[in-house]
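As numbered in the working numbering, residues 1 to 368 make up the sequence shown, in order. Structure record follows, encoded as structure tokens.
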Amino acid sequence: MMWRYYMPTAVFFGQGSVQKNSEALSEAGTKALLVTGKRSARVSGALHDVTKALTVQKMSYSLFDEVEENPSFETIRRAAMLMNREACDLVIAIGGGSPLDAGKAIAMLAANENLSIEQLYDDPDRWPAYSTIAVPTTSGTGSEVTQFAVLTDDEGNKSGISATRNFPVKAFLDPVYTTTMNEHVTISTALDALSHAVEGELINAGANPLVKSLASKAVATIKGTLSSVLSSPDDIQMRGELQYAAMLAGMVIAHTGTSVVHPAGYPLSVHKEIKHGLANSLFLVGVLRHVSRKEARRVSNAIEPFASIEELEAFLGSFGVYDLMPTITEEEARDWSAAVVNSSHYKRTPGDFDREFFENLYKRAGGK
Ligand code: NAP
Ligand code: ZN
Numbered sequence: 001m002m003w004r005y006y007m008p009t010a011v012f013f014g015q016g017s018v019q020k021n022s023e024a025l026s027e028a029g030t031k032a033l034l035v036t037g038k039r040s041a042r043v044s045g046a047l048h049d050v051t052k053a054l055t056v057q058k059m060s061y062s063l064f065d066e067v068e069e070n071p072s073f074e075t076i077r078r079a080a081m082l083m084n085r086e087a088c089d090l091v092i093a094i095g096g097g098s099p100l101d102a103g104k105a106i107a108m109l110a111a112n113e114n115l116s117i118e119q120l121y122d123d124p125d126r127w128p129a130y131s132t133i134a135v136p137t138t139s140g141t142g143s144e145v146t147q148f149a150v151l152t153d154d155e156g157n158k159s160g161i162s163a164t165r166n167f168p169v170k171a172f173l174d175p176v177y178t179t180t181m182n183e184h185v186t187i188s189t190a191l192d193a194l195s196h197a198v199e200g201e202l203i204n205a206g207a208n209p210l211v212k213s214l215a216s217k218a219v220a221t222i223k224g225t226l227s228s229v230l231s232s233p234d235d236i237q238m239r240g241e242l243q244y245a246a247m248l249a250g251m252v253i254a255h256t257g258t259s260v261v262h263p264a265g266y267p268l269s270v271h272k273e274i275k276h277g278l279a280n281s282l283f284l285v286g287v288l289r290h291v292s293r294k295e296a297r298r299v300s301n302a303i304e305p306f307a308s309i310e311e312l313e314a315f316l317g318s319f320g321v322y323d324l325m326p327t328i329t330e331e332e333a334r335d336w337s338a339a340v341v342n343s344s345h346y347k348r349t350p351g352d353f354d355r356e357f358f359e360n361l362y363k364r365a366g367g368k
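Here it is in structure tokens:
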């Protein structure tokens, strides 16, 4: 068996990891642009810890705290201009996947002043980028260990830039920051991580044993801890397990990419305000059932240690996932299903899907 695995991010994991490693923050640049959403970086305490650590290291910084969910091209343009105006040479992104992905794109656009953001999508490994450090406050996307920056264009279409230079140079994971997530965000982000592990292993199908190990561990951990985290949201140990599982699932998709489940869910986040992880969860079982018709073993391997698709479906349903399916018009189903079959995810997902499958998925509340 021959395989390779690449993930260049230095990970600092554990309570107090930012404060205890302040020199590691300052080694990566001379002036930092801190990139955050509107509230969570402050509420979680992560912004406070980062600014304190930078002060200890006598490193100056500027702040951009306007990243919205499903970050837009417009936000990236404004922040990249600020980055250059302030002469920053490092991004420290603090928050959920939205600020982390925005931070990566800002670091890339700022380093390519003569390019438009649209051009960055064109052969992304060609372009230089400033370094990014990631400080996640959700336990979901794994963006702290991936090369993806998922953005929403000026027309409302979501898609990712995948570039090796997008891997954060360092990631600081402190479970304390995740304790301020409310129940809805905790569920949504944990189920996103679950989806990453399952989708990634669906694509991997055991070919890379490291990916298989990461995926199994992530699925088992989320299965075993999510309910406990919801009943004891301040339990740092349990929060840490969930955060660890989300990171492992990020390492899975860094290798495999995600499946059609992801682009199927994107329009629900942009147009129907369904959180990313919940949008994935709505479609995961329908996609798995379809693949399973021809490749049952591939699916049973991907969902392990869930014993069956039905058990996974009951798990997702226990968190209210299926109550969230919005009304989708015929026109939306038609346009969105066309976008799914044009995505890069479509090409790498096993199972011989066609456009009609996705149209039905949208119409049948996730194909349950
Ligand atoms: P998010 O969009 O970053 O944040 C969702 C909400 O949670 C926001 O209101 C945010 O507040 C809040 N929040 C975050 N951390 C919190 C905390 N500790 N306490 C209280 N509230 C908190 O959520 P996400 O699910 O982490 O990221 C989703 C995005 O990542 C999507 O755009 C998705 O496409 C992308 N994604 C990227 C990858 C990748 O590999 N790069 C993989 C999967 C998904 P604020 O707005 O105040 O921050
Ligand atoms: Zn995701």
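Just so you know, even glycine gets a beta-carbon here, dropped at the ideal spot from N, CA and C.
Check	Outcome
Where DSSP assigns a beta bridge to Gly95, which residues make up the other side?	Pro136
Kindly indicate the opening and closing residues of the beta strand (DSSP E) around Val67.	Ser60 to Val67
Just verifying my parser: in three-state terms, what is the DSSP assignment at Ala10?	strand
Between which two residues does the beta strand (DSSP E) holding Leu33 run?	Lys31 to Gly37
Could you give the C-beta distance for Leu173 and Ser17, rounded to a whole number, given that I count them as a contact under 8 angstroms?	6 angstroms
How far does the alpha helix (DSSP H) with Gly160 in it extend, from its first residue to its last?	Per DSSP, Gly160 belongs to no alpha helix (DSSP H); it is in the beta strand (DSSP E), Lys158 to Ser162.
Identify the continuous beta strand (DSSP E) that holds Val150 and give its terminal residues.	Phe148 to Thr152
Does the Cβ of Met181 lie closer than 6 angstroms to at least one heavy atom of the ligand NAP?	yes
What's the call for Pro99, buried or exposed, on a 16-neighbour Cβ count within 10 Å?	buried
Quick one, are the C-beta atoms of Ala177 and Ala32 less than 7 angstroms apart?	Here residue 177 turns out to be Tyr, not Ala, going by the sequence shown. For Tyr177 and Ala32, no; Cβs fall outside 7 angstroms.
How close, in whole Å, do the beta carbons of Leu210 and Tyr5 come, if the pair is a contact with beta carbons under 8 angstroms?	5 angstroms
Between Arg334 and Ala28, what straight-line distance do the alpha-carbon atoms span, to the nearest angstrom?	46 angstroms
What does the Cβ neighbour count give for Pro267, buried or exposed, with the cut at 16 atoms within 10 Å?	buried
Look up Ser44 in the DSSP assignment and say whether it is helix, strand or coil.	coil
Please list the terminal residues of the continuous beta strand (DSSP E) segment that includes Phe382.	Lying outside 1 to 368, the shown extent of the chain, residue 382 is not represented and no answer is given.
Rounded to whole angstroms, what's the CA-CA distance from Glu310 to Asn166? Just pull it up for me.	37 angstroms
Hey, would you say Ser40 sits closer than 7 angstroms to Gly95, going by beta carbons?	yes
Measure the beta-carbon distance from Val291 to Leu202 and round it to whole angstroms, keeping in mind my assumption that it falls under 8 angstroms.	7 angstroms
Please state if the CB of Ser139 and the CB of Ala246 are separated by a distance shorter than 7 angstroms.	yes
Quick one: any contact between the region 305-319 and the region 339-359, if contact means 3 or more CB pairs under 8 angstroms?	no
Nearer than 6 angstroms: is that true of the beta carbon of Asp192 relative to any heavy atom of the ligand ZN?	yes
Please report the distance separating the alpha-carbon of Gly103 from that of Met83.	11 angstroms
Please report the straight-line C-alpha distance between Leu269 and Glu155, rounded to a whole angstrom.	Note on residue identity: the sequence assigns Ser, not Leu, to residue 269. So the alpha carbons of these two residues sit roughly 14 angstroms apart.
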